[in-house]
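Protein chains in written order, with our numbering: chain A, 4 to 485; chain B, 4 to 485.
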């Protein structure tokens, strides 16, 4: 297979992996800067020194370009761009989505991509707008699938061709597309037509669309979220299992005088300070950048540094098992990202089954933390506990005699046997002073314990000022001591 | 006056200001790197290029140093350190707190600080440990106050002397200290003996101590949180009205192979990636730093870049009026910081009265946002609305006839007249899909409206699935329509 993907570490549905394209290997997650040969701001070589291993460029622009078409065909993309890493080419589908039409066919664009030496070729899929109705979306999806089959037929099973997943805003169509692309043996699967969602901050819809596609895509497939995006949303996308991002933002924002950060974007003109540790920001004042002759390039370098640092941050979080913390941090930077994050948390059930067993730590960050996969997993595992007939859950740690089994209690997880006090998550979790949300979640753990041990009778002691919550959740199944 | 402070912008109790020491001016908030002349890692000149305007060094170390004592007396501190910005000197109180004793008197250390040309001198106050009982704390506070009076007496009212606030863990003693230091006309007031709290992550206690001191300190005084700290806690401290920080962390951590970030610290040995945009991290891999001969210096440069970027981030947040967002972001990085943040939010009442009227925006970031000053202010302002006899709060925006006054509803703020739809906070606030916490807070706004308009009868429509919350909060004072 020309394109293969391997996951090395994982956290939630996110993974640190290796994408193999031909003889080249890149690490994921990765951000592929978009290169427009007509408008170079930062050279591919400079990007490589900053840690970039792969680029994306638009083959359609090359094919229509008087200046670059022949060069690309003769010397190849890598020589033209002076870059020996992985180069992915987009087909013209982007122009299709923006202008409504494009003067190239599926086979023509793939042929051209092959001939200029692209490492990953993208067919001419149809990016269906989120505004389109079901019938249109279904029809365009069928055309996309035909073009994917055609690509396999004409170029062979081993050609390094991407299998984009379309389906618009309809989760059932996204599931169908994911399944069909998998059945066709595509190992590199971009999720397309999401840029309009991200531009409108429709992150709740984005989560639904991505989760739908991931439900049927193979976990061995590398997933590229096409056109994503702003660095503040990478963590959320990675948590759902997206591996690659591409963005022209670093350059477009620079030209528009916009300054990227992981907590949002600013107009350079509005900045009194430069809230960033990068080389540009630690050696200039905001005024100095504004009046610098190479202002646009300085901004582009800053934007790129911030974006690549975020990729590094995500990879480290996956190694540590702290991706939930990072997603939680980033998703509070905009209320619509918070909506997307809360939508993701509703899907903990399906995310939990593939989450890793042990992590560096569990830090409680607010009541959203109660919906995390580690808690769902813990409360499911309670069924494995062997309990005697009379069980005491000593919530304040004060053990009493007269019980067959005594358990301790740690919100938001719930009851646990003392022997588990040093294993994950009990031993490596840190919580602030108890709050209503975590106590309620812990009480759900008591309920789960009761449900899975019908022969035991459970008493609970030491809840003190949290009695009302305990009663509300558990009064029908437990006995309260003092 | 030798030391003066002026606030230029403010947000919550935080301010961007100017600290004048003699003829020199520095911008605040500011981080003063601690310089140990025996162990230079990054030179003061290099720091100046990175944006540092002031340093702190320990006069006691200088006075005991064979190598530096005479140099400092002859040439002056600024020449010895090759730095023309503001230099503050610590007295030896730090050594006192660590070793229990110090071989210098209050007047000796102040004389020495004067003679070496320090810009801000610190008396020999007694940093009372948080473990000390009330009697000891009170006694040591009295000694500290005597030394402060002695300093004024001996060196004059215009000497650039700091007035440290002690009082241990006892908020009444901290309030007393704040008042006495203010009565003595100190304009530069460090809050001392908090390092043990921060080292133990006792952020809830830290908040209580700082708020207590700030209750009686003049708002015209510049407040230095002595020994603070880790960059993840600067925003919380600034929100409470701290203006200066000092830290040796950038160097100590570097020597111990520890890597600072605003979301916590890492051991360099544990890092697979370098999650940072700074010059060091964008030009090395983690392995390359580990094996670099100048590894400690590289780490120190990274640590300093991260710390100074955070100061810039705080200043920009104050300009924009988004300091709550930044404090919220940073305080979720550790569960004990979250405890501290929640403690601060309990004090919204006192913070609200000095908060600014209008901000760039209000982003809802989670249920903690319901306790923010802007909401308390808004709900207090409701008393100013002129209402007719029959009032309708149309929560879903559907206006009905037959009412003297119709108001709209936006959680977490509550009811508002259509004319205010474009003013702060209604017009510049963004919220995710409604959640229980914000709806409850909005209903408290309805209650506040009712309480302040006893002649009006209030009906509420359009709450739909939020009826239970509305009933729970307001059923005794409103009529529900459909």
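Glycine is no exception: its CB is placed at the ideal position from the N, C-alpha and C atoms.
In this structure, does DSSP put residue 485 (chain A) in helix, strand or coil?
coil
Interface residues of chain A around residue 342 (chain B) at Cβ under 7 Å?
435, 436
Against chain A, which members of the segment 96-130 of chain B pass a CB distance test of less than 7 Å?
none
What does the alpha-carbon distance come out to for the pair residue 303 (chain B) and residue 145 (chain A)?
Rounded to whole angstroms, residue 303 (chain B) to residue 145 (chain A) spans 57 Å at the Cα level.
So which of A:126, A:176, A:40, A:250 has the shortest CA-CA distance to residue 107 (chain A)?
A:126
Starting from the beta carbon of residue 318 (chain A), find every residue of chain B whose beta carbon is closer than 9 Å, and list them in chain order.
275, 276, 278
Which one or two residues does DSSP pair with residue 248 (chain B) in a beta bridge?
B:34, B:228
Any heavy atom of the ligand COA closer than 7 Å to the CB of residue 88 (chain B)?
This structure simply doesn't include the ligand COA, nor any ligand for that matter.
Measure the CB-CB distance between residue 380 (chain B) and residue 355 (chain B) and report whether it falls below 8 Å.
yes
8 Å is my cut-off, CB to CB: does residue 158 (chain B) come that close to chain A?
no
Within 10 angstroms of the Cβ of residue 156 (chain A), are there 16 or more other Cβ atoms? Answer buried if so, exposed if not.
exposed
Does the Cβ-Cβ distance between residue 403 (chain A) and residue 459 (chain A) come in under 8 Å?
no
Straight-line CA distance for residue 128 (chain A) to residue 250 (chain A)?
19 Å
Flag residue 308 (chain B) as yes if its beta-carbon sits less than 8 Å from any beta-carbon of chain A, otherwise no.
yes
Give the secondary structure of residue 123 (chain A) by DSSP, where H, G and I count as helix, E and B as strand, and everything else as coil.
strand
Using a Cβ distance threshold of 8 Å, determine whether the segment 244-261 of chain A contacts the segment 304-315 of chain B, with at least three qualifying pairs required.
no
Just the C-alpha distance for residue 348 (chain B) and residue 374 (chain B), rounded to the nearest angstrom, thanks.
6 Å
Using a beta-carbon distance below 8 Å, is residue 54 (chain A) in contact with chain B?
Yes - at least one Cβ of chain B is within 8 Å of the one on residue 54 (chain A).
From B:159, B:268, B:199, pick the residue whose C-alpha is nearest to that of residue 132 (chain B); which is it?
Selected option, being the one with the closest Cα: B:199.
According to DSSP, simplified to helix, strand and coil, what is residue 259 (chain B)?
coil
Using DSSP with H/G/I as helix, E/B as strand and the rest coil, what is residue 53 (chain B)?
coil
So with CB distances below 8 Å, who are the chain A contacts of residue 332 (chain B)?
266, 332, 335, 336
Just to confirm before moving on: does the CB-CB distance between residue 3 (chain B) and residue 366 (chain B) stay below 8 Å?
Summary: the structure shown does not reach residue 3 (chain B), with chain B confined to residues 4 through 485, and so no result is reported for it.
Based on DSSP bridge pairs, tell me the residues matched to residue 408 (chain B).
In the DSSP output, where bridge partners are listed per residue, residue 408 (chain B) has B:394.
Using the three-state DSSP reduction, which class does residue 365 (chain B) fall into: helix, strand or coil?
strand
Output the boundary residues of the alpha helix (DSSP H) element that contains residue 384 (chain B).
376-384
For the segment 179-188 of chain A against the segment 404-424 of chain B, do three or more pairs of beta-carbon atoms, one drawn from each stretch, fall closer than 8 Å, so that the two count as touching?
no
Alpha carbon to alpha carbon, how far is residue 273 (chain A) from residue 111 (chain A)?
Roughly 46 Å between the two C-alpha positions.
Determine the direct distance from the alpha carbon of residue 153 (chain B) to that of residue 240 (chain B), and round the result to whole angstroms.
30 Å
What is the rounded straight-line gap between the Cα of residue 16 (chain A) and the Cα of residue 33 (chain A)?
Those two C-alpha atoms are separated by around 16 Å.
So, for residue 229 (chain B): in the same chain, excluding its five sequence neighbours on each side, which residues have a beta-carbon less than 6 Å away from its beta-carbon?
Correct list, in chain order: 193, 195.
Would you mind giving the Cβ-Cβ distance between residue 428 (chain B) and residue 452 (chain B), rounded to the nearest angstrom? I have them listed as a contact below 8 Å.
Actually they are not in contact, since the Cβ atoms of residue 428 (chain B) and residue 452 (chain B) sit about 16 Å apart, beyond 8 Å.
Kindly say whether residue 339 (chain B), judged by its beta-carbon, lies nearer than 8 Å to any beta-carbon of chain A.
yes
What span of residues does the alpha helix (DSSP H) with residue 181 (chain A) cover, start to end?
Counting along the chain, the alpha helix (DSSP H) containing residue 181 (chain A) begins and ends at 174-186.
So with CB distances below 8 Å, who are the chain A contacts of residue 371 (chain B)?
369
What separation, rounded to the nearest whole angstrom, lies between the Cα atoms of residue 401 (chain A) and residue 484 (chain A)?
12 Å
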